[in-house]
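Note sheet for the following structure.
Residue numbers (the numbering used here), protein chains in the order written: chain W, 64 to 449; chain D, 781 to 1182.
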């Protein structure tokens, strides 16, 4: 009889191995090793300035049993059959920080486990990947963008870390805020796209203004208010709207660093399992659509690296302290142990790595890949991606 | 103030029974670390509104703590002692507001990366307590029933996928008069094994007629309270500076009368049930807006707290998904329903009902039945049913409950 995992570390390792075994069986990918270090990236041929990086957070919070476990695979056909075969897949990405969506996404973006108030529109406390990227590589404001789901994310583009000064962060576009501005309170046809912070369905932070948003639409996205509203009518969720805006940004601004935070899955907090699973399926489809879009855009085709990773998981059914999929409050191993896939330029295809990495390793890894120093990040570069 | 400084007069703000309990046990409370004590006080301060089984559990816990030798006490609580608190937490009024302390302690544990250490200490304590003062076994084996799929005419996808492995799947159940037969079975158990709050019927819609010996909670009956709550939430959200934490604190302080939860004319108020229902609405996420969530969460809380011998949960269709702000806006129009999505919710909710039932004492003897209302499919779980089996035989409800 094999020993059952009991400690958080054992559970995380067990989870990683389960994902690995499943992927080997279902997607036919190979087991990687840290010794395989030769990168397929032709560094000299790919001018650093041309290189594009897209990060998608597969949020907010999906469990293995609805995704990579055998019973969950029906919910992620696109990840499984299209994207993973092209990816280096990391089965065990552990988030040791606070499991709230804004603070966890901020931690992903800084490489430091942030401790800010999850429900306040405050900037991260440590420099973000956007600041490192723009400052070290002398990139303009237009080269780093965040598309974020919730009004509470409007400060994620730039930290309040003093030595980085101000103005070195990313521009943040909040599609729902754009839509609110475009609607000017005139219609309720778009209400289904204005869902906000599911973590506390009792509260939706409101942002003032509207002129800047309309300016973003017309000046940057080259999109009339009417066209935007017409498209919004065809979108079924806030994340669909986010992906539409991201694609528009890719066409009009071609940012080298584009960060998209998905959030539909967090509807789970309302306790309706069907809506949670629907959101996972939608997010799976949107990830594939975005990658397909990157292949079809001249500025991105062939020179883009895509990272997809959840901010964290959700509580296990077996933990009596929680209520299963509904929340991420227990801090158990399942809610902390996630995964990451990287694909495209510079990344080996169809390889699975099951050693433990941390959520905070993303920013130092991006730094090593793109040539900036994430000097204040806590994580370490992932050698398998270098 | 530290626990060692506790005096009987510090509990004057507690309800009468809770005050008596605290005063009688003040010497035991003085021995506990501050990282632990407010969690216990949170249970004690609500003593007057607790179910009988909860009261006995608190009493057993206090008696056990009082019986520990100094060495045992050190051993039991050393994990809690090692947790570092902030001065802000230490200065909170943890005697009169233990729930707020625990909520802020949770945030402190997350931000200081002490959550895992606290979990370990809490799990260790619970294990020791269970060994020293085992929970009460039920006088008869428990029975849980989930009725799912109300309003669904046809459904092609497989149901009960999480539960089939644990029992017998039936695909030729006679559905006629099924709900009534199930309610009759609950009533019969209530008569045969009477006890306060021992037999429950939770309905995610409008309750069917039920025997007065059964404790009943329904989404429909709480509609006025839900409307009052969402109106208060809307008003608070509009206030400048109102955030989710402040709103949660405000809701935690609500009393049943704030939501108009008074006894119907001619009936006596039940403060325990009033408080239970209030907590379902103010502490359960989504219970105010989705009938399926309401049914699942109410069942979870009933099992966790009242530990019923019999629990019948009938799920009903929830409203279709809309923006949160719209769902709590209290529109006068009847909401559009989502029966198919609700069936999926209820199917998973039934699995959670079974899991929560299995967490109670006597789990190995417990039985559970889930039935697709008005249809031929059901799963029966219990000592009498072979795990992972399937039966194509024509059966009725009585057979499934036998």
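Note that the Cβ used here is the ideal one computed from N, Cα and C, for glycine as well. Since we're looking at a predicted model, the values are computed, not measured.
Rounded separation between residue 946 of chain D and residue 1167 of chain D - CA only: Taking the first residue of the second chain as 1, we reach residue 946 of chain D at position 166. Taking the first residue of the second chain as 1, we reach residue 1167 of chain D at position 387. Each residue's alpha carbon lies about 5 Å from the other.
Touch test, the region 140–158 of chain W against the region 415–422 of chain W, Cβ-Cβ under 8 Å, three pairs minimum: yes
Boundaries (first-last residue) of the beta strand (DSSP E) holding residue 1137 of chain D: Residue 1137 of chain D sits at position 357 when you count from the first residue of the second chain. That residue, residue 1137 of chain D, is in no beta strand (DSSP E); its alpha helix (DSSP H) goes 1119–1138.
Residue 145 of chain W, enclosing alpha helix (DSSP H) - first and last residue: Working through the first chain from its first residue, we reach residue 145 of chain W at position 82. Run containing residue 145 of chain W: none; DSSP gives neither H nor E here.
Bounding residues of the beta strand (DSSP E) (the contiguous stretch that carries residue 372 of chain W): Reading the first chain from its first residue, position 309 is the one you call residue 372 of chain W. Residue 372 of chain W -> beta strand (DSSP E) spans 367–372.
Residues sharing a beta bridge with residue 153 of chain W, DSSP: Numbered from 1 along the first chain, position 90 holds the residue referred to as residue 153 of chain W. BP columns for residue 153 of chain W point to W:403, W:416.
Any chain W beta carbon closer than 8 Å to residue 1168 of chain D: To locate residue 1168 of chain D, count along the second chain from 1; it is residue 388. Not one chain W Cβ lies under 8 Å of residue 1168 of chain D.
Own chain residues within Cβ distance below 6 Å of residue 799 of chain D, not counting five before or after: What you label residue 799 of chain D is simply residue 19 of the second chain in a count that begins at 1. These residues qualify, in order along the chain: 791.
Straight-line gap, residue 787 of chain D to residue 1068 of chain D (C-alpha atoms, nearest Å): What you label residue 787 of chain D is simply residue 7 of the second chain in a count that begins at 1. What you label residue 1068 of chain D is simply residue 288 of the second chain in a count that begins at 1. Going from the Cα of residue 787 of chain D to the Cα of residue 1068 of chain D covers about 40 Å.
Whole-Å CB distance - residue 377 of chain W paired with residue 309 of chain W, under 8 Å assumed: One-based indexing of the first chain puts residue 377 of chain W at position 314. One-based indexing of the first chain puts residue 309 of chain W at position 246. About 25 Å separates the two Cβ atoms, so there is no contact after all.
Range of the contiguous alpha helix (DSSP H) that encloses residue 958 of chain D: The residue given as residue 958 of chain D occupies position 178 in the second chain. Residues 958–972.
Cα-Cα separation, residue 962 of chain D to residue 956 of chain D: Translated into the one-based positions of the second chain, residue 962 of chain D becomes position 182. Translated into the one-based positions of the second chain, residue 956 of chain D becomes position 176. Going from the Cα of residue 962 of chain D to the Cα of residue 956 of chain D covers about 11 Å.
Nearest neighbour of residue 290 of chain W, chosen from W:136, W:349, W:277, W:133 [CA to CA]: Residue 290 of chain W sits at position 227 when you count from the first residue of the first chain. For the residues W:136, W:349, W:277, W:133, the minimum Cα distance to residue 290 of chain W belongs to W:277.
Neighbouring residues, chain D, relative to residue 409 of chain W (Cβ below 9 Å): Position 346 of the first chain, counted from the start, is the residue given in the question as residue 409 of chain W. Simply none; closest approach about 33 Å.
Where residue 434 of chain W sits in the DSSP three-state scheme: If you number the first chain from 1, residue 434 of chain W lands on position 371. Note: residue 434 of chain W maps to coil in three-state DSSP.
Residues that residue 159 of chain W contacts on chain D, provided the C-beta gap is smaller than 8 Å: Residue mapping note: residue 159 of chain W aligns to position 96 of the first chain, counting from 1. The answer, in chain order, is 893.
Nonlocal neighbours in the same chain, by C-beta distance under 8 Å from residue 882 of chain D, ignoring five residues either side: In the second chain, the residue the question calls residue 882 of chain D occupies position 102. If we look at residue 882 of chain D and ignore the five residues flanking it on each side, its Cβ neighbours are 818, 819, 822.
Beta-carbon proximity list for residue 204 of chain W, same chain, < 7 Å, skipping 5 on both sides: Position 141 of the first chain holds residue 204 of chain W. Taken in chain order, the residues that qualify are 234.
Collapsed DSSP secondary structure at residue 923 of chain D in the structure displayed: Your numbering for residue 923 of chain D matches position 143 in the second chain. Strand.
Validate contact between the region 1078–1096 of chain D and the region 1124–1136 of chain D using beta carbons, cut 8 Å, 3 pairs: yes
Residue 175 of chain W in three-state terms, based on DSSP: Residue numbering aside, residue 175 of chain W sits at position 112 when the first chain is read from its first letter. Here residue 175 of chain W sits in coil by DSSP.
Residues that residue 1124 of chain D contacts on chain W, provided the C-beta gap is smaller than 8 Å: To locate residue 1124 of chain D, count along the second chain from 1; it is residue 344. Those are 336, 337, 340, listed as they occur along chain W.
C-beta neighbour in chain D for residue 456 of chain W, strict 8 Å: Because chain W here runs from 64 to 449, residue 456 of chain W falls outside it and cannot be looked at.
Chain D within 8 Å of residue 383 of chain W, Cβ atoms only: Here residue 383 of chain W is taken as the residue at index 320 of the first chain, counted from 1. Closer than 8 Å: yes.
Beta carbon proximity, residue 141 of chain W to chain D, threshold 8 Å: Counting from 1 along the first chain, the entry for residue 141 of chain W is found at position 78. Chain D contact via Cβ: absent.
Spatially closest choice to residue 323 of chain W from W:174, W:292, W:373, by CA coordinates: Working through the first chain from its first residue, we reach residue 323 of chain W at position 260. The candidate whose alpha carbon is nearest that of residue 323 of chain W is W:373.
Which listed residue (W:82, W:95, W:119, W:383) has its alpha carbon closest to that of residue 369 of chain W: One-based indexing of the first chain puts residue 369 of chain W at position 306. Of W:82, W:95, W:119, W:383, the residue nearest in Cα terms is W:119.
Extent of the continuous alpha helix (DSSP H) to which residue 1052 of chain D belongs: What you label residue 1052 of chain D is simply residue 272 of the second chain in a count that begins at 1. From DSSP, the alpha helix (DSSP H) with residue 1052 of chain D extends over 1051–1063.
Reduced DSSP category for residue 115 of chain W - H, G, I as helix; E, B as strand; rest coil: Taking the first residue of the first chain as position 1, residue 115 of chain W is located at position 52. Strand at residue 115 of chain W.
Neighbour flag for residue 178 of chain W against chain D, beta carbons, 8 Å: Position 115 of the first chain, counted from the start, is the residue given in the question as residue 178 of chain W. Yes - at least one Cβ of chain D is within 8 Å of the one on residue 178 of chain W.
Spatial distance of residue 1065 of chain D from residue 968 of chain D (CA atoms): As a working mapping, residue 1065 of chain D is identified with position 285 in the second chain. As a working mapping, residue 968 of chain D is identified with position 188 in the second chain. The straight-line gap from Cα to Cα measures roughly 34 Å.
Contact list for the region 359–380 of chain W against chain D, Cβ threshold 9 Å: 380
Rounded straight-line distance, which links the Cα of residue 402 of chain W to that of residue 345 of chain W: For the purposes of this step, residue 345 of chain W is identified with residue 282 of the first chain, where counting begins at 1. For the purposes of this step, residue 402 of chain W is identified with residue 339 of the first chain, where counting begins at 1. Whole-angstrom Cα-Cα distance: 18 Å.
Separation of residue 140 of chain W from residue 102 of chain W, as counted between CA atoms: Here the question's residue 102 of chain W lines up with position 39 in the first chain. Here the question's residue 140 of chain W lines up with position 77 in the first chain. Note that residue 102 of chain W scores 45 on pLDDT, short of 50, meaning its location in the model is unreliable; the coordinates nonetheless yield the value given after this. The alpha-carbon atoms of residue 102 of chain W and residue 140 of chain W are separated by roughly 28 Å.
Residue 190 of chain W burial status per 10 Å Cβ neighbour count (16 or more: buried): The sequence position of residue 190 of chain W within the first chain is 127, counting from 1. Buried, since its Cβ has 16 or more Cβ neighbours within 10 Å.
Integer-rounded CB distance, given that residue 893 of chain D should sit under 8 Å from residue 866 of chain D: Indexing the second chain from 1 puts residue 866 of chain D at position 86. Indexing the second chain from 1 puts residue 893 of chain D at position 113. Rounded, the Cβ-Cβ distance is 14 Å, inconsistent with contact.
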